[in-house]
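Inspection log for the structure reproduced underneath, given as structure tokens.
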Ligand code: FPP
């Protein structure tokens with residue numbers, strides 16, 4: 668597989684534009700430790716996302732995929748699910764203008780058919796309004812399961828009558844159409860909150876992702892923390908199953 672970073676020239680120096688995925692974990696614990704309801708942690712998580720989005724282009728991120736609501740999160744208490752759906756709707760409604768001004772494109776991945784109608788409609792409007800953004804592609808995973816996404820892409824491809832590897836990949840990564848092919852794959856996966864697992868997030872796209880785990884709870888994750896994670900990524904040697912430059916040159 669090709670190297671999954673692309674160099675662009677910005678401010679006269681080469682910058683790696685990479686695809687970073689984030690599992691934004693720890694909102695509930697952040698709130699509980701402060702004697703607040705879990706929903707307050709999710710609201711603080713939205714604030715943290717705002718800081719991360721602002722910083723992302725400056726640390727060389729071209730695509731940012733964040734896990735906002737997994738298919739398994741439907742199992743949470745109704746009040747928490749409703750709070751998350753409300754936050755999501757308000758987020759896309761409120762942030763659309765800022766995303767357009769900042770040159771960002773928003774797409775939502777995951778199932779749409781089980782979302783409240785007002786949330787699905789708000790997502791559609793925000794996607795259309797931001798479609799021309801090229802500075803950053805923000806992908807928000809909602810009602811998302813990587814295993815379901817892979818199976819759904821296989822089923823759609825089979826039904827199309829053209830079951831080729833290319834057609835399958837095109838379907839699985841359809842929201843990345845028109846972007847550099849390398850952005851279909853994740854370069855760096857960050858998980859906050861101390862757990863060390865993938866939780867059914869981007870299993871295909873993370874095949875060669877570098878993994879970065881931090882104990883920091885998501886609402887406390889700052890632009891500096893993001894820069895530290897990206898710096899750790901650049902310090903790694905990616906071999907994609909080969910030997911890598913240090914051994915090949917020996
Ligand atoms: C995991 O923390 C986080 C979630 C299930 C939701 C993440 C959502 C946000 C950051 C806000 C909504 C996002 C948008 C784009 C509007 P947890 O609740 O599992 O925390 P815990 O492990 O401490 O219980």
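Numbering (our numbering), first residue to last: 668 to 917. No residue lacks a Cβ here, since even glycine has one placed at the ideal position from N, Cα and C.
Spatially closest choice to residue i from the options, by CA coordinates
i	options	result
residue 771	735, 788, 717 and 738	717
residue 810	778, 753 and 690	778
residue 726	776, 813, 752 and 855	855
residue 730	815, 840 and 739	840
Nearest-angstrom Cβ-Cβ length linking residue i and residue j, presumed shorter than 8 Å
i	j	result
residue 877	residue 900	5 Å
residue 694	residue 722	So it is not a contact: roughly 19 Å between Cβ atoms.
residue 895	residue 692	Not a contact, Cβ separation roughly 17 Å.
residue 747	residue 705	6 Å
residue 834	residue 827	6 Å
residue 868	residue 719	With 8 Å as the limit, residue 868 and residue 719 do not qualify as a contact, their Cβ atoms being about 16 Å apart.
residue 735	residue 807	5 Å
residue 870	residue 813	4 Å
residue 775	residue 760	About 13 Å separates the two Cβ atoms, so there is no contact after all.
residue 786	residue 755	6 Å
residue 685	residue 728	6 Å
Residue i beta carbon near the ligand FPP (any heavy atom closer than 7 Å)
i	result
residue 703	no
residue 871	no
residue 755	yes
residue 792	no
residue 693	yes
residue 709	yes
residue 758	yes
residue 860	yes
residue 712	yes
residue 736	yes
residue 918	Residue 918 is absent from the structure shown; the chain starts at 668 and stops at 917.
residue 741	no
Stretch-stretch touch, CB-based, cutoff 8 Å, three pairs: the region 884-894 with the region 766-781: When C-beta atoms of the region 884-894 are compared with those of the region 766-781, fewer than three pairs fall below 8 Å, so the two segments do not count as touching.
Stretch-stretch touch, CB-based, cutoff 8 Å, three pairs: the region 800-817 with the region 835-855: Flag = yes, the region 800-817 and the region 835-855 touch.
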